[in-house]
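The structure appears right after this line, and notes come after that.
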Amino acid sequence: MFNYFLSVYKNGEQRKDGLTGNDVKYNNLDLTGGFGYNKTTAKQCNWGFDLTGIYTKPLNNDLTVQSINAGQFTQRVIYYDYIYNTSSRIGGGLNADFSFPAFDQIQAGIKFGISYVNRLKIEDNNYPFIPGKDRFSSNISLNLYF
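Going by the numbering used here, the first residue of the sequence shown is number 3, and it counts up by one from there.
See the structure below:
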């Protein structure tokens, strides 16, 4: 069975650090699309995969940091996180899974996933350090379905 999807959603974050007074706010528009395939065999084994693409467009953002608090942690962590979350990005992911009957009415499965995101454009480039353009992640999980 093939599955297709397309989604548009707005996400964002607003947080204020009570100790240092750092104030971070951003909103993004995410466009996501993809397809997947799922198959059940005669022996009740299931396998499938999905491929997903995403484009992120920043809508609005704000960062307020008092100059006395602009130490190494702020420059290398807070700024990097803010720059990444307020930049245009494009990426995709691939997931695959397989499950089989393990016990009475229980399925056991394994799932693999990889994703890659590339930063396209930094909206605000007034920082002494900028993070890398690429983010890659992978995961593997063992699952039980009841």
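For glycine and all other residues, C-beta sits at the position ideal for the given N, C-alpha and C. Note that the structure is predicted; figures quoted are calculated from it, not measured.
Bridge partners of Asn97 according to DSSP: Asp52, Gly115. Judged by DSSP in its simplified three-state form, Thr22 adopts coil rather than helix or strand. Taking a cut-off of 8 Å for Cβ pairs, the segment 104 to 114 and the segment 73 to 86 do not touch, as fewer than three such pairs fall below it.
Proximity of the segment 52 to 64 to the segment 94 to 101 meets the contact definition, three or more beta-carbon pairs being nearer than 8 Å. For Val10, the number of other beta carbons within 10 angstroms of its own is below 16, and it is reported as exposed. For Leu33, same chain residues with a beta-carbon under 6 Å away, outside a window of 5 residues either side, are Val10, Tyr57 in chain order. For Tyr82, the enclosing alpha helix (DSSP H) covers residues 81 to 87.
In this structure the segment 60 to 80 does not lie against the segment 35 to 49, because fewer than three pairs of beta carbons, one per stretch, are closer than 8 Å. For Ile70, DSSP records no beta bridge to any residue. DSSP places Arg137 inside the beta strand (DSSP E), whose first and last residues are 136 to 147.
Check the Cα spacing between Leu144 and each of Phe102, Leu21, Asp136, Arg121: the tightest is with Phe102. Rounded to whole angstroms, the separation of the alpha carbons of Phe4 and Val119 is 25 Å.
DSSP links Tyr11 through a beta bridge to Asp32.
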